[in-house]
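Quick note, the sequences are listed as chains A and B, same order.
Quick note: the first sequence, position 355, residue 355 per full-length UniProt numbering, numbers continuous.
Quick note: the second sequence, position 36, residue 36 per full-length UniProt numbering, numbers continuous.
Number of protein chains: 2
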Amino acid sequence: MAAEQDPEALEALAAARPLLTDLYQATMALGYWRAGRAREQAEFELFFRGCPFGGAFALAAGLRDCVRFLRAFRLRDADVQFLASVLPPDTDPAFFEYLRAVDCSDVTVRALPEGSLAFPGVPLLQVGGPLLVVQLLETPLLCLVSYASLIATNAARLRLIAGPKKRLLEMGLRRAQGPDGGLTASTYSYLGGFDGSSNVLAGQLRGVPVAGTLAHSFITSFLGTEVPPDPMLAPAAGQGPRVDLAARVEAWLDRVCAHLGRGVQEPHRGERAAFVAYALAFPRAFQGLLDTYSVQRFQMPWLESISIAVSNNIGEEELARLAQEGSEVNVIGIGTSVVTCPRQPSLGCVYKLVSVGGQPRMKLTEDPEKQTLPGSKAAFRLLRADGSPLLDVLQLAEEQPPQAGRELRVWPRGAQEAWTVKPARVEPLLRLWVQRGQLCEPLPSLAESRAFAQLSLSHLSPDHKRLEQPAPYPVALSDKLRALVASLLAGGSS
Amino acid sequence: MAAEQDPEALEALAAARPLLTDLYQATMALGYWRAGRAREQAEFELFFRGCPFGGAFALAAGLRDCVRFLRAFRLRDADVQFLASVLPPDTDPAFFEYLRAVDCSDVTVRALPEGSLAFPGVPLLQVGGPLLVVQLLETPLLCLVSYASLIATNAARLRLIAGPKKRLLEMGLRRAQGPDGGLTASTYSYLGGFDGSSNVLAGQLRGVPVAGTLAHSFITSFLGTEVPPDPMLAPAAGQGPRVDLAARVEAWLDRVCAHLGRGVQEPHRGERAAFVAYALAFPRAFQGLLDTYSVQRFQMPWLESISIAVSNNIGEEELARLAQEGSEVNVIGIGTSVVTCPRQPSLGCVYKLVSVGGQPRMKLTEDPEKQTLPGSKAAFRLLRADGSPLLDVLQLAEEQPPQAGRELRVWPRGAQEAWTVKPARVEPLLRLWVQRGQLCEPLPSLAESRAFAQLSLSHLSPDHKRLEQPAPYPVALSDKLRALVASLLAGGSS
Numbered sequence: 001m002a003a004e005q006d007p008e009a010l011e012a013l014a015a016a017r018p019l020l021t022d023l024y025q026a027t028m029a030l031g032y033w034r035a036g037r038a039r040e041q042a043e044f045e046l047f048f049r050g051c052p053f054g055g056a057f058a059l060a061a062g063l064r065d066c067v068r069f070l071r072a073f074r075l076r077d078a079d080v081q082f083l084a085s086v087l088p089p090d091t092d093p094a095f096f097e098y099l100r101a102v103d104c105s106d107v108t109v110r111a112l113p114e115g116s117l118a119f120p121g122v123p124l125l126q127v128g129g130p131l132l133v134v135q136l137l138e139t140p141l142l143c144l145v146s147y148a149s150l151i152a153t154n155a156a157r158l159r160l161i162a163g164p165k166k167r168l169l170e171m172g173l174r175r176a177q178g179p180d181g182g183l184t185a186s187t188y189s190y191l192g193g194f195d196g197s198s199n200v201l202a203g204q205l206r207g208v209p210v211a212g213t214l215a216h217s218f219i220t221s222f223l224g225t226e227v228p229p230d231p232m233l234a235p236a237a238g239q240g241p242r243v244d245l246a247a248r249v250e251a252w253l254d255r256v257c258a259h260l261g262r263g264v265q266e267p268h269r270g271e272r273a274a275f276v277a278y279a280l281a282f283p284r285a286f287q288g289l290l291d292t293y294s295v296q297r298f299q300m301p302w303l304e305s306i307s308i309a310v311s312n313n314i315g316e317e318e319l320a321r322l323a324q325e326g327s328e329v330n331v332i333g334i335g336t337s338v339v340t341c342p343r344q345p346s347l348g349c350v351y352k353l354v355s356v357g358g359q360p361r362m363k364l365t366e367d368p369e370k371q372t373l374p375g376s377k378a379a380f381r382l383l384r385a386d387g388s389p390l391l392d393v394l395q396l397a398e399e400q401p402p403q404a405g406r407e408l409r410v411w412p413r414g415a416q417e418a419w420t421v422k423p424a425r426v427e428p429l430l431r432l433w434v435q436r437g438q439l440c441e442p443l444p445s446l447a448e449s450r451a452f453a454q455l456s457l458s459h460l461s462p463d464h465k466r467l468e469q470p471a472p473y474p475v476a477l478s479d480k481l482r483a484l485v486a487s488l489l490a491g492g493s494s
Numbered sequence: 001m002a003a004e005q006d007p008e009a010l011e012a013l014a015a016a017r018p019l020l021t022d023l024y025q026a027t028m029a030l031g032y033w034r035a036g037r038a039r040e041q042a043e044f045e046l047f048f049r050g051c052p053f054g055g056a057f058a059l060a061a062g063l064r065d066c067v068r069f070l071r072a073f074r075l076r077d078a079d080v081q082f083l084a085s086v087l088p089p090d091t092d093p094a095f096f097e098y099l100r101a102v103d104c105s106d107v108t109v110r111a112l113p114e115g116s117l118a119f120p121g122v123p124l125l126q127v128g129g130p131l132l133v134v135q136l137l138e139t140p141l142l143c144l145v146s147y148a149s150l151i152a153t154n155a156a157r158l159r160l161i162a163g164p165k166k167r168l169l170e171m172g173l174r175r176a177q178g179p180d181g182g183l184t185a186s187t188y189s190y191l192g193g194f195d196g197s198s199n200v201l202a203g204q205l206r207g208v209p210v211a212g213t214l215a216h217s218f219i220t221s222f223l224g225t226e227v228p229p230d231p232m233l234a235p236a237a238g239q240g241p242r243v244d245l246a247a248r249v250e251a252w253l254d255r256v257c258a259h260l261g262r263g264v265q266e267p268h269r270g271e272r273a274a275f276v277a278y279a280l281a282f283p284r285a286f287q288g289l290l291d292t293y294s295v296q297r298f299q300m301p302w303l304e305s306i307s308i309a310v311s312n313n314i315g316e317e318e319l320a321r322l323a324q325e326g327s328e329v330n331v332i333g334i335g336t337s338v339v340t341c342p343r344q345p346s347l348g349c350v351y352k353l354v355s356v357g358g359q360p361r362m363k364l365t366e367d368p369e370k371q372t373l374p375g376s377k378a379a380f381r382l383l384r385a386d387g388s389p390l391l392d393v394l395q396l397a398e399e400q401p402p403q404a405g406r407e408l409r410v411w412p413r414g415a416q417e418a419w420t421v422k423p424a425r426v427e428p429l430l431r432l433w434v435q436r437g438q439l440c441e442p443l444p445s446l447a448e449s450r451a452f453a454q455l456s457l458s459h460l461s462p463d464h465k466r467l468e469q470p471a472p473y474p475v476a477l478s479d480k481l482r483a484l485v486a487s488l489l490a491g492g493s494s
């Protein structure tokens, strides 16, 4: 089978499983179809309501996975048969015939580029198309975007703490929430600013740089009585006779122990044999492994050039300590705390209907936190002269974009009064990626998105970038959007 | 392609990705191979060090996924090529030839049956086979067991709180850590005691009962001006003329509003239209949807028979409130708090080498918490006369099993003194599932494991089952195992 030979094809197939959804998407699809509304043109927005981890920013991620999912979206025979088995037995068979033909060839997606700064209420994705189809997409798109963005944001925070020079490696596959949780974490922690991952599959499928050396089981497996089949090693320069590394280590042991004032029996024999075995396998990339890191400093200049890597339950606090000036640690492996995001393990994105048949829709609710913003919208980032973002403005799609150097009245969410702002620059936020099922422009590579994320973050003001108790970044409505909200609220309560 | 037509085959292919591992497994494999030790017989144990969520028990889960992974484990050409691209360029090509032939045909697995009560230090899995192969399995097995067991345990706690009668549904796919995080969560929350899931793929691939009705977007999509193409509904009994449901609803509206003392304009038109549309699609399974649940009680007997389902940020505390006697809620949908396990998002299982070539191995470390228990072991649960577990005992594989009615001296971990116990019954804990690559007995179905989990929990004493500040369940060592630990500790420090 071709898929067995091609991990990427397999991955694409496995990722594009249209039944990875909540059953109520299928029951609603039936409801729309029965009401004759399956093909009505609808638009949903995917956004989050609050930034994760007590911060004031998030990074948008997951678009590439969404696009791949959409393009392959098609219910196979077995999928339709399964749905028929869980929907009421008296369901009209014509509905299932309809489902067999459903795909995303009429779906249009606008989105923040991956790696963009994202703020509450600003759509990460706008998804337009036939009501039945775009409803079916809700759960998989939420699943693909929320965790990817959460991980990218978490990684970006850790990178901000570590500073630009430390090498940060994600090593959390074994702690991840399922195999794909691990793959997603490795991919998007790289996007968020890590340097690489221990996860080989993320290297193979996503091009994430992979890294790894050895674990304690390797040490434990050696007693010191093992005889390497070939203890000889050629000089690194390629010239000269091969040397017996195992014998050389024994010969040096006396001298080193004397120098350190230790007994020659003190170093554990199994440990020594393991390090020799590792050096024989990796003559140019030796790495020792200590269980507990408490270095004694000796006066040996070559010790200065040794690269020290640590990993063990490292979270934001511990990382801050390691990142302090003067720390000799230069590679930091992080597992659980980057992969599972223990401080907030889900981003809580939502996917809300904003228009049907060109008419704005809004969820009316007693809880103002849960009110949605109606209508097909555009979003812009207003920038100061120094390039730092001032605020994001949401407006109706048909409105004129804000203009650089021109005064503008906007209504920041949560504020009682309007603000008048004069942006030095204006950036449209949402790009058209998929139009009626067709990709409009190539998606940036993962490495490009990673660079874009670091660039975006570098422009964000320290007030918003601060990790604890930051100033919230303002997201505002245009006059017209605010008026639409008010009129729908008034209409809804009549 | 066949896989396109068969979701299970596709799933199996996608799950069995041997590169879903940490790179250091591959570097260690090279180290073992270079040292001539690839085929040495080794045994690893997979266990956790502390029960999750502040409780005193966990449920073992994930074995089925592990067995599937092992049986399909094989490095494809593309996998070996990728490894060659990330290992040093001067690596002996014979190593990669060796990897091409690696599979699990010499691997043996003993394990707790899925749904078993599991306690700290007792192996969930014992994995024996050639050193190189069983080392490569570390990360995928940890990834497959840890999260599955965490979710099953979390679900079991929620079931204990809810009591046996409430219907508990997992609805967290959109909050899951990646698509497979969702699939794993749906599968193992069912094993842990939930009644079903909203996740359709879990139904299709794992046989989890699926459930779902409608979301707010369905309501929001209706204005009330829509005309259903066919508003007629046949009587449920199948006899008599069809009725115009939409007209019937309008006709009843006056009477109901008068009865409730409300104005006839008060119910929202769009909401009414949505409910009519839903009832037309699901005439035998109508479900209304309210945004905020604050029922006013009216004197109408038929209201008593209505099933009320709730879902919104329900964690352990909120569930306890809903589970109280007299609550009218009988179906409870839980998302984030079951799926992401926010209180402790990873179980932290470890996979430790316990023997090589029949010789016991032990990790020597300054941190007694991280010490491992050496040697190939057997594990037994000692039971009281009422069938409740008294303690688990770990002993060397060659020792005689404890016997019912016979006094036994054991050393509970963490205690200073030996205990003498006389079990009424003795259960061996670890079963042989895979012998040299062959499945020895059929794995229980998911539903069987679910029933076994509930049965196991029903026997656990309330002291250990209590969710907050429970009494720790004792895990003890035999005399001989304790002596082995002592002798290796003494040898290691010499």
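C-beta: ideal position from N, C-alpha, C; glycine also.
Just so it is clear, the structure is predicted and the values come from calculations on it, not from any experiment.
Using three-state DSSP, classify A/THR420 as helix, strand or coil. Your numbering for residue 420 of chain A matches position 420 in the first sequence. In the structure shown, A/THR420 sits in a strand (DSSP, three-state: E or B).
Between which two residues does the beta strand (DSSP E) holding A/ASN330 run? Sequence index remark: in the first sequence, residue 330 of chain A carries index 330 (1-based). Segment 329 to 334, the beta strand (DSSP E) holding A/ASN330.
Would you check if there are 3 or more beta carbon pairs closer than 8 Å linking the segment 315 to 333 of chain B to the segment 124 to 138 of chain B? The segment 315 to 333 of chain B vs the segment 124 to 138 of chain B: no contact.
Closest to B/LEU83 by CA distance: which of B/ASP22, B/GLN41 and B/ALA418 is it? Indexing the second sequence from 1 puts residue 83 of chain B at position 83. Cα-wise, what sits closest to B/LEU83 is B/ASP22.
Taking buried to mean at least 16 other C-beta atoms within 10 Å of its own C-beta, is B/ALA3 buried or exposed? Here the question's residue 3 of chain B lines up with position 3 in the second sequence. Caution applies to B/ALA3, whose pLDDT of 39 falls short of 50 and renders its modelled position unreliable; the model cannot decide the point.
Straight-line CA distance for A/LEU319 to A/LEU158? Sequence index remark: in the first sequence, residue 319 of chain A carries index 319 (1-based). Sequence index remark: in the first sequence, residue 158 of chain A carries index 158 (1-based). One C-alpha to the other measures close to 8 Å.
Between the CA atoms of A/ARG100 and B/PRO368 - distance to the nearest angstrom: Within the second sequence, numbered from 1, the residue matching residue 368 of chain B stands at position 368. Within the first sequence, numbered from 1, the residue matching residue 100 of chain A stands at position 100. Approximately 60 Å between the Cα atoms of the pair.
Compute the beta-carbon to beta-carbon distance between A/TYR32 and A/LEU132, rounded to the nearest angstrom, for a pair I have assumed lies under 8 Å. On the first sequence, residue 32 of chain A is found 32 positions in, with the first residue counted as 1. On the first sequence, residue 132 of chain A is found 132 positions in, with the first residue counted as 1. Indeed they touch by this definition, with Cβ atoms about 5 Å apart.
Going by beta carbon distance, what residues of the same chain come within less than 6 Å of B/ALA483, once the five residues before and after it are set aside? Indexing the second sequence from 1 puts residue 483 of chain B at position 483. No residues qualify anywhere along the chain.
What number of angstroms, rounded off, separates the C-alpha of A/SER493 from the C-alpha of B/PRO229? Working through the first sequence from its first residue, we reach residue 493 of chain A at position 493. Working through the second sequence from its first residue, we reach residue 229 of chain B at position 229. Unreliable placement is indicated for A/SER493, whose pLDDT of 42 sits below 50; the coordinate value is still reported in the next sentence. Spanning the alpha carbons of A/SER493 and B/PRO229 requires a straight line of approximately 29 Å.
Are the Cβ atoms of A/ARG436 and A/VAL107 separated by less than 9 Å? Locating residue 436 of chain A in the first sequence gives position 436, counting from the first residue. Locating residue 107 of chain A in the first sequence gives position 107, counting from the first residue. Against a cut-off of 9 Å, the Cβ pair of A/VAL107 and A/ARG436 comes out as a contact.
Which residue comes first and which comes last in the beta strand (DSSP E) that contains B/TYR351? For the purposes of this step, residue 351 of chain B is taken as residue 351 along the second sequence, with counting starting at 1. 350 to 356 is the extent of the beta strand (DSSP E) around B/TYR351.
With distances taken from CA atoms, which of A/VAL485, A/SER221 and A/LYS370 is nearest A/HIS268? Counted from its first residue, the first sequence places residue 268 of chain A at position 268. Measuring from the Cα of A/HIS268, the nearest candidate turns out to be A/SER221.
Report all residues from its chain with a CB closer than 8 Å to the CB of B/VAL210; omit the five preceding and five following residues, and keep chain order. As a first step, residue 210 of chain B is located in the second sequence; it is residue number 210 there, counting from the start. GLY196, SER197, SER198, ASN199, VAL200, ALA202 and GLY203.
Spatial neighbours of B/MET1 within its chain, please: CB distance less than 7 Å, with the 5 preceding and 5 following residues excluded, ordered by chain position. Here residue 1 of chain B corresponds to residue number 1 of the second sequence, with the count starting at 1. Reliability fails at B/MET1, whose pLDDT of 36 lies under 50, so the model's placement of it is uncertain and no value is given.
Could you run through the segment 154 to 178 of chain A and flag, in chain order, every residue whose CB is less than 9 Å away from some CB of chain B? Listed in chain order, the positions of the segment 154 to 178 of chain A with a beta carbon within less than 9 Å of a beta carbon of chain B are MET171, GLY172, LEU173, ARG174, ARG175, ALA176, GLN177 and GLY178.
Which residues, taken in chain order from the segment 193 to 205 of chain B, show a beta carbon closer than 8 Å to some beta carbon of chain A? SER198, ASN199, VAL200, LEU201, GLY203 and GLN204
Whole angstroms is fine: what's the gap from A/ALA451's alpha carbon to A/LEU191's? The residue given as residue 451 of chain A occupies position 451 in the first sequence. The residue given as residue 191 of chain A occupies position 191 in the first sequence. Rounded to the nearest angstrom, the two C-alpha atoms are 8 Å apart.
Beta-carbon proximity of A/LEU59 to A/ALA111, cut-off 9 Å: Here residue 59 of chain A is taken as the residue at index 59 of the first sequence, counted from 1. Here residue 111 of chain A is taken as the residue at index 111 of the first sequence, counted from 1. No; because the gap between Cβ atoms is not below 9 Å, this pair is not in contact.
Would B/SER480 be called buried (16 or more neighbouring beta carbons within 10 Å of its own) or exposed? Translated into positions along the second sequence, residue 480 of chain B becomes position 480. Note that residue 480 of chain B is Lys in the sequence shown here, rather than Ser. Answer is exposed; the Cβ neighbour count stays below 16.
Could you check what DSSP says for A/LYS377 in three-state terms: helix, strand or coil? Along the first sequence, read from residue 1 onward, the residue named residue 377 of chain A stands at position 377. The answer is strand: DSSP assigns A/LYS377 an E or B state.
A/ARG321 in three-state terms, based on DSSP: If you number the first sequence from 1, residue 321 of chain A lands on position 321. In the displayed model, A/ARG321 falls within a helix according to three-state DSSP.
Less than 9 Å between the beta carbons of B/CYS341 and B/VAL145, yes or no? Here residue 341 of chain B corresponds to residue number 341 of the second sequence, with the count starting at 1. Here residue 145 of chain B corresponds to residue number 145 of the second sequence, with the count starting at 1. In this structure, B/VAL145 does not lie closer than 9 Å to B/CYS341 by Cβ.
Of all the residues that make up the segment 366 to 381 of chain A, which are near chain B by a beta-carbon distance shorter than 9 Å? GLU366, ASP367, LYS370 and THR372
Any idea what DSSP makes of A/THR213, helix, strand or coil? Residue mapping note: residue 213 of chain A aligns to position 213 of the first sequence, counting from 1. Three-state DSSP puts A/THR213 in coil, outside helix and strand.
Flag this pair as touching only if the segment 331 to 340 of chain B and the segment 162 to 174 of chain B have three or more C-beta atom pairs under 8 Å; answer yes or no. yes
For chain B, find out if any of its Cβ atoms is closer than 9 Å to the Cβ of A/PRO283; answer yes or no. In the first sequence, the residue the question calls residue 283 of chain A occupies position 283. Closer than 9 Å to some Cβ of chain B, the Cβ of A/PRO283 qualifies, so yes.
To the nearest whole angstrom, what separates the beta carbons of B/ARG394 and B/VAL475, a pair I think is in contact under 8 Å? Position 394 of the second sequence, counting from 1, holds the residue named residue 394 of chain B. Position 475 of the second sequence, counting from 1, holds the residue named residue 475 of chain B. According to the sequence displayed, residue 394 of chain B carries Leu and not Arg. About 7 Å separates the two Cβ atoms, so the contact holds.
Assigned exposure category for B/MET232 - 16 Cβ within 10 Å defines buried: Residue 232 of chain B sits at position 232 when you count from the first residue of the second sequence. Exposed is the call here.
For A/LEU347, name the three-state secondary structure that DSSP assigns. If you number the first sequence from 1, residue 347 of chain A lands on position 347. Note: A/LEU347 maps to coil in three-state DSSP.
Collapsed DSSP secondary structure at B/THR108 in the structure displayed: Here residue 108 of chain B refers to the residue found at position 108 of the second sequence. Three-state DSSP puts B/THR108 in a strand.
Distance between A/LEU124 and A/LEU430 (C-alpha atoms, nearest Å): Along the first sequence, one-based indexing puts residue 430 of chain A at 430. Along the first sequence, one-based indexing puts residue 124 of chain A at 124. Spanning the two alpha carbons is a distance of roughly 8 Å.
Hey, quick one: how far does the alpha helix (DSSP H) through A/PHE69 stretch, first residue to last? Counting from 1 along the first sequence, the entry for residue 69 of chain A is found at position 69. Note, A/PHE69: alpha helix (DSSP H), 63 to 72.
Would a C-beta distance cut-off of 9 Å place B/CYS143 and A/GLY178 closer than the cut-off? Within the second sequence, residue 143 of chain B is the residue found at index 143, counting from 1. Within the first sequence, residue 178 of chain A is the residue found at index 178, counting from 1. The answer is yes: Cβ separation under 9 Å.
Test item: CB-CB of A/ALA246 and A/PRO283 under 9 Å: To locate residue 246 of chain A, count along the first sequence from 1; it is residue 246. To locate residue 283 of chain A, count along the first sequence from 1; it is residue 283. Taking 9 Å as the Cβ cut-off, A/ALA246 and A/PRO283 do not qualify as a contacting pair.
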